[in-house]
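Colleague: In the numbering used here, the protein residues as written are 560 to 713.
Even for Gly, the Cβ is constructed at its ideal location relative to N, Cα and C.
(1) With distances taken between CB atoms, is the gap from residue 674 to residue 681 smaller than 7 Å?
(2) Mind checking who residue 565 pairs with in its DSSP beta bridge?
(3) Cβ atoms of residue 650 and residue 658: under 7 Å apart, would you say?
(4) Can you tell me where the alpha helix (DSSP H) holding residue 570 begins and where it ends?
(5) Work out the CA separation of residue 693 and residue 511 for me, nearest whole Å.
(6) Give the C-beta separation of residue 637 and residue 607 to the nearest angstrom, bearing in mind that I take them to be a contact with Cβ-Cβ under 8 Å.
(7) Grab the span of the alpha helix (DSSP H) containing residue 702 for me, first residue to last.
(8) Give a yes or no on contact between the segment 601-620 and the segment 563-572, applying the rule of three or more CB pairs nearer than 8 Å.
(9) Classify residue 590 as buried or exposed, calling it buried when 16 or more other Cβ atoms lie within 10 Å of its own Cβ.
(10) What's the gap between the Cα of residue 598 and the Cα of residue 641?
(11) Would DSSP call residue 505 helix, strand or coil?
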């Protein structure tokens, strides 16, 4: 799934409102691409945390100020808009397909819960190394005991 990045700054509100108004004119094609995009972004953004997540993925570039201001911008603009029902169908379908695959969801949740910091990854690597060294030590000790009990014939 891929969404094109959008830069949010002081002129974004008026630009989006003008584009939405232009799409509503009778002489323009009725695909409502901008309206659908604004409504889709509004469906993704409710709070400042949502904006932070989209910023971390490179979808939003925030030059407006706080993440809450960006969330408020999309929530206010899309309040009375009616999107094209066919707009962003492929993205919505991709999201639904992703969540239908329980293994992908389980792995993503597990990774987010257990490996959200570099320290947890370092601890996992250290634990794997320690377990491997313990197994090697046990095998070598058992082999040494075997050789002591049953020395090879000379």
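Modeller: So, from the listed chains and residues:
(1) For the purposes of this step, residue 674 is taken as residue 115 along the chain shown, with counting starting at 1. For the purposes of this step, residue 681 is taken as residue 122 along the chain shown, with counting starting at 1. Not closer than 7 Å, so no.
(2) Stepping through the chain shown from its first residue, residue 565 is reached at position 6. In DSSP, residue 565 forms a bridge with 619.
(3) Position 99 of the chain shown, counted from the first residue, corresponds to residue 658. Position 91 of the chain shown, counted from the first residue, corresponds to residue 650. No, the Cβ-Cβ distance between residue 658 and residue 650 is not below 7 Å.
(4) The residue labelled residue 570 in the question sits at position 11 within the chain shown. Run containing residue 570: none; DSSP gives neither H nor E here.
(5) The displayed coordinates of the chain run from 560 to 713. Any statement about residue 511 would go beyond what the structure contains.
(6) In the chain shown, the residue the question calls residue 637 occupies position 78. In the chain shown, the residue the question calls residue 607 occupies position 48. Going by Cβ atoms, the distance from residue 637 to residue 607 rounds to 17 Å, so no, they are not a contact pair.
(7) Indexing the chain shown from 1 puts residue 702 at position 143. Its alpha helix (DSSP H) spans residues 677-708.
(8) yes
(9) By one-based count along the chain shown, residue 590 stands at place 31. Per the 10 Å Cβ criterion, exposed.
(10) Working through the chain shown from its first residue, we reach residue 598 at position 39. Working through the chain shown from its first residue, we reach residue 641 at position 82. Going from the Cα of residue 598 to the Cα of residue 641 covers about 8 Å.
(11) Any property of residue 505 remains undetermined from this structure, which presents the chain solely from 560 to 713.
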